[in-house]
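Numbering (full-length UniProt numbering), first residue to last: 1 to 853. Contents: one structure, followed by commentary.
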Amino acid sequence: MHVIDIASGMRTGTTSPGGAAPGTAPGSTAPPRLTVIVPTRNEQDNVTELLGRLGPALLPLGAEILFVDDSDDDTPQAIELAADASPVPLRLLHRQPDERRGGLGSAVLAGAEHAHGEWIMVMDADLQHPPEAAALLAATAMRHSVDIVVGTRYAGSGSGFETQDGGLRGLGRRFASTASTRLVKAAFPRRLATVSDPMSGLFVFRRQAVKLQWMRPDGFKILLELLLRNPGARVAEVAYEFAPRHAGRTKASLREGLTFLRQVSRLRRQRLVGQLRKGPESSTERGHQFGRLLAFGAVGASGVAVNTAALWMFFQVMGLNHLLGAALATQVSTTWNFGLVELLVYRGRGNGTVRGRALRFYAMNNLLMLGRLPVIELLVRSGFGVLVSNAATLVVLFLLRFVLSDRVIYGAARQDAGRDPVVLLVDPAAAAEGAGPASARKRSHYLTYRYDVAGTVTIGSQIRLPELEFFRAQWIADTDVDIAVRVGDVGRRSPRRRAAMTEQGGAEQGGADRVLRYEEHLGRFGANFKVELGQTITVTVGPLLARSPHVVYTNVIEALLRYVLVARGRMLLHSACIELDGTGVMLSALTDTGKTATILRLLREQGGHFLSDDMTVVDATGNAVCFPKPLTISSHTLRAVHADDLTKREWRRLQFQSRLHSKGGRSIALQLARFNLPIMGINALTQLVVPPPKYTVDRLVPCRLGSSTQVEELFVIRRGAPGLAEVGHADAVEQMLANTEDAYGFPPYRYLAPAITIDGLDHDRLKAREREILEGFLSGVRVRALASDCFGWADEIPRLLHEERGTTGRADPPAGAPAPIPSLSGAGTTWPRWTTAVPIGPRQQKPAPGGAV
């Protein structure tokens, strides 16, 4: 086996996997991000056209092309001739006849061993996978937080059959493709639940996220094995149109079909053995299994009675043959048992759908029946009665039925909890509009509430956003806002089996026309929303979300606000900020560490000016601008709140609210988000029933609000053994980015963020600019890590500032009520007024109302 680096014309012999990589361009030494593996077998008439289209499409991605050739014709020579015009590095691995065992699957694995890219894409050489679509697939994979991306013909605008010149022409091929897809999805309902086209030959995977050493491919369908061998991999799909073959003949044949059936049978058998071997791993799980055994036994005992009664009816009353009667009685008792097992033992939790579980339950009992019938006949001929013989065989097989039911039919739901429950579909060629029929209900477009955030981003909304109440700016015209939030019907009317995030459009204009749609299980009654990216970002939320504005802001609006601010030179940093005796002091921590309680204590005991508690708007010059969202009082923050500051009713309600909306409650919600549940709808309903305990800071402690400050001190607070340590600039940047990202952990942020494009900047460039802003901000800030095992940060920070800066006493006496503070412009006009010193985008270059500039 030889690998030829065609770009340099140097024969390198057998290249060791993971060896030195060629550059992404001639003369470059940087390794490629993407390796495109193209298996070929007698494709000499296709490779020239393929490289002419694929090379330019891959050029922006930092890619290399690796042909794995099993040809007996002149395909290698054709590749070498066409390589001269390729703008990306190109290599050729030619396998001798004795190295080709396993067909296309083993060719892909051989290519993966010699790939240099972090990402690996597999595509055909016959142009049925259009190179432009393949490049778009790879670009999607590299910007989304996923492990495997599948090119699908069966979702969105994807097509394999509908067009007249489509690649899958002919009734026979259509039937074979559809039947094989349905077969594997029925055989592996849970592991393929989020994949519409598991038989696709066009896919991308992150090489570090999959276990290639587990692969034993045979034949064409390597993606199927990749998905089944890596059940915890995060999967997305990209719709594309399957094209006609450019030249040559298809390699599909009856022999390949038989190989595929053997592969499915082998994978299903191995999966079954793995399920049967997967027993409980702890004493708690063993206790739960024993409880299910007792419940299953009780249901089984009732089933034996039902089966015996049915057999008596068929045999004694109707006079049917005893074996035929036993077979019919099995169907009656199976129906009885499945209903009780589904409702009482497992309560609807299990592998796949109810219908799928029912089919497998019937299949299990009927297969066992085929083994029971000869035993019944033998017992009857030995002198035992028909009813006794039948009942005896049912009792003997009880444990086998329980193990099969518990570990195969129902147990897989526990074993495969790692698979992402949300269907992620990218449909770049689709029209940029929401799915489903339009609602007949006419809704107003008037934006009742307007907000001006730090003079940088304007928001208009049909629902009140309490987190932005401080920034109310009713003078802004609703046609001039940067983000518009409206209420409307989103998604289809009917329920769906899984939540789905669909990304439509964006194939042209660098994603500026992209539409993002999130739908949950309950159709239009669910917590659905749609985001239309453009000059004005339009967010449409469903009626359920509209009744829970905290969820709308936290889960949708703040993510958009974060990146719009970045595009305009600001960062929304997860931190708290106050000013003590003229010194800007910032606190940062992971969520639910104790930051809010520390800020309340500092304000109560030291005075000063409050700027923010949860998020702070910062710039690259070290300035922090106020972002005074209402404070959320969790259980550990309650110790910093004085009961005298609230009414008795508020205090009693806060005792309960603070426990639900605490770190424990958040952890439970994040755990639930791993399962196939309408988690955003659950969150919205929870906050409707028990609103989060949010209070403005001056409602909890007498204090003054500040407009902006130059931050000089930053404390990263942690729980642990008391200690103080300097944090270097590079480490501080990484910690602050990690703390900020931690604030966005609740779904559907991880599906939404990678699709966001603002002012022509995609997600990767926005993240890079955010890092640049943070690096500039921290360049003049002293950063220290302060640990405490008793929530004592509010005692240590003033002590440190006093020792180092000579501050004495309180920075300012606490006011009885918040007093107006001069605006950023320095004029003593009504708060707030923003100056043109704030970096603004083109849409904000307009005079401020009231003469402020």
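Just so you know, even glycine gets a beta-carbon here, dropped at the ideal spot from N, CA and C.
Per DSSP, Phe398 lies in no beta strand (DSSP E); the unbroken alpha helix (DSSP H) holding it starts and ends at 398 to 404. By the beta-carbon neighbour count (other beta carbons within 10 angstroms, threshold 16), Ser282 is exposed.
Nearest C-alpha to Val556 among Ala753, Arg372, Cys626, Glu605: Ala753. Taking 9 Å as the cut-off, the beta carbon of Arg514 is found no closer than this to the beta carbon of Leu544.
According to DSSP, residue pairing for Phe205 in a beta bridge involves Ile120, Ile148.
It is roughly 36 Å from the alpha-carbon of Thr181 to the alpha-carbon of Tyr744. It is roughly 40 Å from the alpha-carbon of Ala576 to the alpha-carbon of Pro31. Counting the other CB atoms within 10 Å of its CB gives Met318 a total below 16, which places it among the exposed residues.
A direct Cα-to-Cα measurement between Arg53 and Val88 gives close to 12 Å. Straight-line measurement puts the Cα of Val689 at about 34 Å from the Cα of Ala794.
The residues Thr40, Asn42, Glu43, Gln44, Val47, Asp69, in chain order, have a CB closer than 7 Å to that of Thr75 in the same chain once the five nearest residues on each side in sequence are set aside.
Cβ-Cβ separation between Gln128 and Ala57: approximately 16 Å, too far for a contact (criterion under 8 Å). In this structure Tyr563 is buried. Its beta-carbon is surrounded by 16 or more other beta-carbon atoms within 10 angstroms. Per DSSP, the beta bridge partners of Gln504 are Asp427, Val515. If you look at Lys211, you'll find it isn't in any beta strand (DSSP E); DSSP assigns it neither H nor E. In this structure, Ile773 lies away from Met501, with their beta-carbon atoms at least 9 Å apart. Beyond the five residues adjoining it in sequence on each side, Leu323 comes within less than 8 Å, by CB distance, of Leu373, Ile376, Glu377 in the same chain, given in chain order. Taking a C-beta distance under 9 Å as the contact criterion, Gly681 and His521 qualify as a contact pair. Contact check for Arg498 against Thr194 passes: the beta carbons are separated by less than 9 Å.
Lys530 has Arg517, Thr540 as its beta-bridge partners, per DSSP. Closest in alpha carbon position to Ala83, among Glu49, Glu113, Glu99, is Glu49.
In this structure, the CA atom of Ile222 is about 9 Å from the CA atom of Ser200.
Less than 9 Å divides the Cβ of Val487 from the Cβ of Gly542.
Phe296 has its alpha-carbon roughly 28 Å from the corresponding atom of Phe315.
Contact between Gly55 and Ser86 holds, with the beta-carbon distance rounding to 4 Å and staying under 8 Å.
The beta-carbon separation of Pro693 and Leu654, rounded to 5 Å, stays under the 8 Å limit for a contact.
Burial is judged here by how many other beta carbons sit within 10 angstroms of a residue's own beta carbon; Ser444 has fewer than 16 and is exposed. Looking at Glu132, Ala477, Asp482, the one whose alpha-carbon comes closest to that of Thr458 is Asp482. Secondary structure within the region 716 to 800: the alpha helix (DSSP H) runs of 4 or more consecutive residues, fully enclosed, are 729 to 742, 749 to 752, 763 to 778 (chain order). Measuring C-alpha to C-alpha distances from Arg407 to each of Glu132, Gly279, His94 identifies Gly279 as the nearest. Leu340 is positioned such that its CB atom lies closer than 9 Å to that of Gly303. When DSSP states are grouped into helix, strand and coil, Gly460 belongs to the strand group. For Asn623, the enclosing beta strand (DSSP E) starts and ends at 623 to 625.
Nearest to Ile65 by alpha-carbon distance, out of Val122, Gly102, Thr353, is Val122. The way I'd put it, the region 713 to 733 does touch the region 783 to 797; three or more beta-carbon pairs between them come closer than 8 Å. Beyond the five residues adjoining it in sequence on each side, Leu368 comes within less than 8 Å, by CB distance, of Leu397, Leu400, Arg401 in the same chain, given in chain order.
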